[in-house]
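Undergrad: This is the structure I have questions about; it appears just below.
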Amino acid sequence: MNRSELVAALSERAGVTRKDADGVLSALADTVGEIVAKGDEKVTIPGFLTFERTLRAARTARNPQTGEPIQIPAGYSVKVSAGTKLKEAAKGK
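So the sequence shown is numbered by numbering that gives the first Met the number 0: it starts at 0 and just counts up by one.
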């Protein structure tokens with residue numbers, strides 16, 4: 000399902016226009032992005048998803064073409080965890 004299909008499904012289920020559903024989806028994405036970028040708290044949608052900023056340590060890797068070791072600096076990543084309702088839905092229950 001792509002974004003336009005998701006917007007159509009949301010607008011139908013919520014009984015709102017596609018424009019309104021798209022606006023809400025955009026606002027959700029922007030809000031989650033801003034909170035995760037700050038890194039001081041995680042965003043939890045109970046039973047569905049949790050978004051959390053994590054620190055990745057510096058590490059040594061290998062260049063696949065030459066085999067030469069390269070240093071990858073420390074940085075940030077995003078951890079997304081599925082909630083119980085989403086896990087149950089994935090199992091088909």
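Backbone N, C-alpha and C fix where the C-beta goes; we use that ideal spot for every residue, glycine too.
1) Assuming valine 79 and phenylalanine 50 are in contact, meaning their beta carbons sit under 8 Å apart, how far apart are those beta carbons, in whole angstroms?
2) Can you tell me the Cα-Cα spacing of arginine 12 and lysine 18, whole angstroms?
3) For alanine 20, which three-state DSSP category applies?
4) Helix, strand or coil: which one does DSSP assign to alanine 8?
5) Using alpha carbons as the reference points, say which of Glu67, Ile71, Ile44 and Ala36 lies closest to threonine 59.
6) Buried or exposed for valine 77, please, with buried defined as at least 16 other CB atoms from any protein chain shown within 10 angstroms of its CB.
7) On the CB-based measure, 16 or more other CB atoms within 10 Å of its CB, does alanine 88 come out buried or exposed?
8) Ignoring anything shorter than 3 residues, give me the beta strand (DSSP E) runs that lie fully in the stretch 46–73, in order along the chain.
TA: Taking the coordinates as given:
1) The beta carbons of valine 79 and phenylalanine 50 sit about 6 Å from each other, so the pair counts as a contact at 8 Å.
2) Each residue's alpha carbon lies about 14 Å from the other.
3) Residue state, collapsed to three classes: helix.
4) Residue state, collapsed to three classes: helix.
5) Proximity to threonine 59 across Glu67, Ile71, Ile44 and Ala36 peaks at Ile71, based on C-alpha coordinates.
6) Per the 10 Å Cβ criterion, exposed.
7) Exposed is the call here.
8) The stretch 46–73 is shown to contain whole beta strand (DSSP E) runs of 3 or more residues at 48–55, 58–61 and 68–71, in chain order.
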